[in-house]
Each structure stands twice: as C-alpha cells, then as structure tokens.
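One point on numbering: in UniProt numbering, the residue at position 8 of the sequence shown is 8, and numbering is uninterrupted.
Below is one structure, written out as structure tokens; the observations come after it.
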Amino acid sequence: MMEGQVKILVIGSINMDLVMNIERVPLTGETVLGYEYSYIPGGKGANQAVAAARLNGKVTFCGRVGDDANGEVLLRNLKDNGVDTSFIIKDNTSQTGLAAIPVESNGDNRIIVFPGANSRITKEDVDNALEKSYDALMLQLEIPLDIVYYAFEKASAKGIPVVLDAGPAVRIDLSRLKGIHVISPNESEAAALTGMQADNAEGAVRAAKALAELTEASYVVIKRGDKGALLYKDGEYEIFPAYKVKAVDSTAAGDSFTAAMTLKMMQSGDIREAIKYANAVGALCVSRKGAQPSLPTAEEVAEFLISKGLEG
C-alpha cells in the first residue's frame, strides 16, 4: 500500500465538448430538433486528470491547447480542479481540440473529435514532464501514436507503471507496448485492437487473452459498460458486475473508470479492489450529464459505496 498522495502524470488530449441533447440521432439526410446544447470541458486526457484529482490524486498534465478562448477556459478549469498545468503548452499554430457529442434521450452518445492542438504534442513536451517523479502514467489514444509509444518507453525506462486507456477505437502496434502495466479498452476498442468481437463475456475473454499475449501486460481490464468490467491476469479472468443506476449520459464514464482504477491500484496495490472502486466511480458518472461535470469526488464515491452497503 502506498503512503501519502498518489502522484499521477497524464499525457493526453484536452478538448472543448459541444454536447447536444437530442431524442435520437438523425438518419442520413434527416433533420431532428434538439433540446439544448452546452460547451463542457472534455478530452479523454483532461477527463482522466480531473477525475483522478477529484479522487484526491496529485495530478500533473502534459498536453497542448490552442491560443484561443476555448484553450483559456480549459486551462482555468484544470487549475480550478487542482491539476498541475505547468506542462500544458499554448500552441499558436493550431486551434484547441473540439469534440461534438450528440447525446440521445436514453443516455447513448456518439463522439466526433477534432484533435487541433492535441496533434501537436512533441517528444520534448514528454521529456520535460517526465523530469519529475510520478507513481503512474496514464495515456490514451487521442494524441499521436508516436507520442504514446515514446511516453510509454520513457516512463517504463524510469520504472513508472503505465496505464493505457485504449480509446478511441483505433488499431495500434501493440508490440510497441510490451510490458505495459495495464491496458484497458472498452468492448469496441478491444475489437478494434484484436479483430475479435468483444460484446459478450466469451468474446471479451478471448480479446483480453489476445491483448495479454500481444502486450505482455500485467493486467488487461475490459470496460463493459452496464455489464461491468473484466479482468484478465496470468491466464485467468474475473468479471466485476456494474452497479445499477439510471444512466443519463455515458460521456467520460470510461475515463473516470480508468482514472479511479489507476489511483486506487497505486494506493492499495490490489487490482481487484481498484476495479470495484472504479465501477462505483463509473456508475456515478453515467448518472449525471456532461463529461467533467459528472466526475465524482472521493467523498461522493464513499457515500455511494456506503449506500450500497459497502465500505467507503
């Protein structure tokens, strides 16, 4: 068990989310009327940074925003949530990243990402951030893949455990991630990485086994939404059921899960306890609207677990 506050470095994306609440997405050539729209801080990297900070992690972020109004808002929001923004660069050659997110009345969403400044992160940015010491590094796939591979290699060489949230769904060279501590896709991301359907328990186990063999990861954790999460380790698997809640918006649920799992894993040294905790965080997240506004605090998670008859 780790003493004191867990120090986490997040290298990843920062986006402004344009969230559009609608009854359903339109068919080709069809127009539908929406209920409301809002601009909400997002981006998989920033979501994970804020999630970990609200759960009492000591979080540093490395990334880029544009030198524009959205960038200013996003930087201020990260600082307000206690994230160290010393390694976020304002890039005057590109716009701040934007995500357009239609959210249907049943809580399902679709996300269109315009990377903007996120695609401008450099190896020098990574080197500068890694001059400090951390207990873990979190990565995602909304930044250039060569930066993902480079950050993994540099952190591994320094003995820092790396957790990859393997979203969004893209094919990557898994051989470049040999020995990663945790790789955690959702079902569609697992399918994209392995070419195997992972939308049922048997398929998820096969995909997890393939990922474990290709990456030699210590742990493979597949996020399965309202079906919970699957842990694959040393040829064995375990399914952790989700907590039952009324889903309002699934935006950032996977990000909150990965952040919570990473933080709790480093605190306790127990991946099983970390996944159970992350399931609670994800459940709270989907029960609220928006990306970062839906991310719970450590106190809220404790109260939720107590309400379920579990230790907070």
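Note that the Cβ used here is the ideal one computed from N, Cα and C, for glycine as well.
What's the call for S307, buried or exposed, on a 16-neighbour Cβ count within 10 Å? exposed
Out of P168, S268, I275, which one is the CA nearest neighbour of Y219? I275
Whole angstroms are fine: how far does the CA of M265 sit from the CA of G312? Low confidence applies here, because G312 scores a pLDDT of 47, under 50, leaving its location unreliable; read the following figure in that light. Approximately 15 Å between the Cα atoms of the pair.
Under 8 Å: do the segment 289 to 298 and the segment 236 to 256 share three or more Cβ pairs, one atom per stretch? yes
Write down the C-beta distance between T262 and V163 rounded to the nearest angstrom, noting that I regard them as a contact closer than 8 Å. 5 Å
With distances taken Cα to Cα, identify the nearest neighbour of G167 among H181, K178, I143, G179. I143
Do you know how far the Cα of N279 is from the Cα of G271? Strictly speaking, residue 271 in this sequence is Ile, with Gly absent from that position. Approximately 12 Å, taken between the alpha carbons.
S86 classed as buried or exposed, judged by whether at least 16 other C-beta atoms fall within 10 angstroms: exposed
Residue range of the alpha helix (DSSP H) that Y150 falls in? 145 to 157
If I follow the unbroken beta strand (DSSP E) through G66, where does it start and stop? 58 to 66
Could you round the C-beta distance between A217 and A192 to whole angstroms and report it? I think they count as a contact, below 8 Å. The Cβ separation is near 17 Å, so there is no contact.
Three-state class that DSSP yields for G312 in the structure shown: For G312, the predicted structure reports a pLDDT of 47, less than 50, and the residue's modelled location is therefore unreliable. The matter cannot be settled from this model.
Could you check the C-alpha separation between A283 and N77 for me, to the nearest Å? 23 Å
Per DSSP, which residues does Y277 bridge with? Please list them. Per DSSP, none; premise fails for Y277.
Beta-ladder partner(s) of E36, from DSSP: N21
Among residues of its own chain, excluding the 5 on either side of I89, which ones have a beta-carbon nearer than 7 Å to its beta-carbon? R64, D125
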